[in-house]
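Colleague: The structure's right below; bear with me while I get my questions together.
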Amino acid sequence: MPRFMPSLLSGAAGAALAFALLPGLRGEDAPGPALPGVAHAQAEPRSDTGWPDVAERAVRSVVNIASTKTMRFDRGPMADPFFQYFFFGPQRPPPVERSGSLGSGVVVSADGLVLTNNHVVEGADDIKVTLTDGREFDAKVVGTDPKTDVAVIRLQGKPERLEAMPLGSSDSLRLGETVLAIGNPFGLGHTVTMGIVSAKGRANVGITDYEDFIQTDAAINPGNSGGALVNARGELVGINTAIASRTGGYQGIGFAIPSTMAESIMNSLVKDGHVSRGWLGVGIQDLDDRLARHLGVAEGTHGVLVTSVVDDTPAAEAGLKSGDVIVDMDGTATASAGHLRNAIALRGADQKVKLGVLRDGQQRTIDVRLGALPEDQDAVAVRDRGDQDSAKDAPLGLQLRPLDTSARRRLGLAVGVRGVLVSGVDPGSPAARVGLRPGDVIVEVDRQPVETIDTVTHALRKGKGEALLLVKRGRGSMFVVVPRS
């Protein structure tokens, strides 16, 4: 990450995890049936007896977590045991180093279930949990989900007198609402700080695969990871996870996983041992006013633009098409591509959803039965390093090449993909300013398929104003508005 960008640091002291480094639709992140023994917010809100009372009550449910893991270091490529013995005789075992991490967690059931972050306990051989009254317990990992940075551990033995924090609704949080952050910063022990909800639904932060963060200015420092974000009724509304900082310490921007998402992941981990996510099988991007204008969608329409539909997927079977605009799911508006992605994933496989779709100016409802998300669906953009001599100059600072067999092989494209390959982009050119880059494939110009360089060049030089490109990048696609030359 460039030096001028704030670095995002894990809140686990000593975790050596630096984040240089999809928000759930409101009402769509329902965690499913509650786990037995897990505390939930009361139907009737408790009266607010003042923040000191809230803090005193809540802090008893937050625990300190100390985890250690063993790391073994080999002696390089000559470390094969047979090789070592044959040439050098008996050898000492590889050196071993133990690494420690300090973090926090939240007791959510009277029988010892604790919510925390994956990076607090990831790879740990030994986990010690300390309560506010000084009691210490060993703990075992029940399950982890690196894609959301959620983990569930269970206290061993027969813990008694545990005070579980009730799970509140993060969906009901309001901007400016006061919250407490409780954790174990720098290993100092239980610490309470106060702030407000600065923002909701923070996505594209680059910390986890699925992001719907609550942003808060409550002081969060290394060691707070896995700790509680608490509302005025003493309910858990978030799991503190990361900070944005230039210095590695608190600078007023902290991120917490919403309790609704955390509970959904916890339920799956406890019941099934893993998280099965829903899958639609489309490429999507946010709809802005420029795209809306070129697609004939009314200005001010909020929704998510479908850029591609994968064959033999739930989306294809339901009849979704590239260029469709998804405006709601089960009646809840789609605020962004991140919202929809999270909502689909959290809904789970084999679930039915109703999508409100705009197509050719008409709104329709499409029923979809979601599939299970395959493990290999995260696409990687591939840059083309092919022969630049065969490239032809085109408008907007583009160099274009035919999409031949060699290029298809390098880019991993299916035989059925048609288009023109971007082999180069002039720095500072119009194409560079809109984000086009080598390895992109221009599939359409103004919703018309293109297969030759001349077709693309003619389309971009025809008329005035702007052109709408459909571009394939890696295994995904996106629409881009460019000025005509």
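Here the sequence shown stands for residues 1 to 485, where the numbers follow the working numbering.
For every residue, glycine included, the Cβ atom is placed at its ideal position computed from N, Cα and C.
As the structure is a prediction and not an experimental result, all values here were calculated from the model.
1) Which value, in whole angstroms, describes the spacing of the CA atoms of G412 and K462?
2) Straight-line CA distance for P258 to Q448?
3) Does the beta-carbon of V108 have 16 or more other beta-carbons within 10 angstroms, so that it is buried, or is it exposed?
4) Beta-carbon within less than 8 Å of W51's beta-carbon, same chain only, minus the 5 sequence neighbours each way: which residues are those?
5) Go through its chain and collect everything with a Cβ distance to E163's Cβ below 6 Å, but skip five positions before and after it.
6) Can you give the Cα-Cα distance for R293 and D286, rounded to whole angstroms?
7) Starting from the Cα of L155, find the closest Cα among P166, K128 and K147 and give me that residue.
8) Can you give, in chain order, each stretch of the beta strand (DSSP E) that sits fully within the region 171 to 234 and has at least 3 residues?
9) So, at 6 Å on beta carbons, what are the nonlocal neighbours of R46 in its own chain, with the 5 sequence-adjacent residues on each side left out?
10) Out of curiosity, what's the CA-to-CA distance linking L21 and A55?
11) Which full runs of the alpha helix (DSSP H) of 4+ residues lie inside the region 242 to 322, going along the chain?
12) Quick check on the DSSP output: the beta strand (DSSP E) that includes R364 runs from which residue to which?
13) Check L396 in the structure and name its three-state DSSP category.
14) Taking S487 as part of the alpha helix (DSSP H), name the residues at either end of that continuous run.
15) Taking V325 as the reference, which of T260, R341 and I284 has the closest Cα?
16) Given a cut-off of 8 Å, decide if L340 and M329 are closer than it, judged by their beta-carbon atoms.
17) Using CA coordinates, which residue listed in E235, P314, K472 and T130 is at the minimum distance from A188?
18) Classify S483 as helix, strand or coil using the three-state DSSP reduction.
19) Does DSSP classify N117 as helix, strand or coil?
20) Do V237 and T216 have their CB atoms nearer than 8 Å?
21) Beta carbon of L436, beta carbon of V422: below 8 Å?
22) Give the range of the beta strand (DSSP E) segment to which D145 is assigned.
23) Note the first and the last residue of the continuous alpha helix (DSSP H) segment covering E56.
24) Where DSSP assigns a beta bridge to L470, which residues make up the other side?
25) Measuring straight from C-alpha to C-alpha, what distance separates I442 and V471?
26) Out of L358, I207 and A228, which has the shortest C-alpha to C-alpha gap to A242?
27) Reducing DSSP to helix, strand and coil, say where T334 ends up.
28) So what does DSSP say about S67, is it helix, strand or coil?
29) Where R369 and V309 are concerned, what is the direct C-alpha to C-alpha distance, given to the nearest angstrom?
30) Look at G183 and G123 and say whether their C-beta atoms are less than 8 Å apart.
31) Where does R433 sit, in a helix, a strand or coil, going by DSSP?
32) How should H274 be labelled, buried or exposed, when 16 other C-beta atoms within 10 angstroms of its C-beta is the threshold for buried?
33) Looking at the unbroken beta strand (DSSP E) that takes in V150, where does it start and where does it end?
34) G254 and A218 look like a contact to me (Cβ under 8 Å); what is the Cβ gap, rounded to whole Å?
35) May I ask you to report which of helix, strand or coil DSSP gives L460?
36) Let me check one thing: in DSSP terms, what residues is D328 bridge-paired to?
Modeller: If we stick to the structure as given:
1) Each residue's Cα considered, the two are about 32 Å apart.
2) 42 Å
3) buried
4) T178, L180, M194 and A232
5) R60 and S61
6) 14 Å
7) Sorting P166, K128 and K147 by C-alpha distance to the C-alpha of L155 places K128 at the top.
8) Within the region 171 to 234, the complete beta strand (DSSP E) runs of at least 3 residues are 178 to 183, 191 to 202, 213 to 216 and 228 to 230.
9) With a pLDDT of 47 at R46, under the threshold of 50, the modelled position of this residue cannot be trusted; read the value that follows with caution. So the list reads R233, once near-sequence residues are dropped.
10) Its pLDDT being 32, under 50, L21 is placed unreliably by the model, and the measurement read from it follows with that caveat. Straight through space, the alpha carbons of A55 and L21 are spaced by roughly 31 Å.
11) 259 to 272, 289 to 295 and 314 to 318
12) First-last of the beta strand (DSSP E) with R364: Q362 to R369.
13) Helix, per DSSP.
14) Lying before the first or after the last residue shown, residue 487 is absent from the chain, which here runs from 1 to 485.
15) I284
16) yes
17) The residue you asked about is not Ala; residue 188 is Leu in the sequence shown. Closest option to L188, Cα to Cα, is T130.
18) The sequence shown places Pro at residue 483, rather than the Ser named in the question. In the three-state reduction of the DSSP assignment, P483 falls in the strand class, which pools E and B.
19) Taken through DSSP and simplified to helix, strand or coil, N117 comes out as strand.
20) Going by C-beta atoms, V237 is not nearer than 8 Å to T216.
21) yes
22) E136 to D145 is the span of the beta strand (DSSP E), which, as asked, contains D145.
23) W51 to A58
24) Paired residues: E444 and F479.
25) 5 Å
26) I207
27) coil
28) strand
29) 15 Å
30) It is not a contact, given that the beta carbons lie outside the stated cut-off.
31) Collapsing the DSSP output to three states places R433 in a helix.
32) Label assigned to H274: exposed.
33) V150 to L155
34) 6 Å
35) helix
36) A333 and G356
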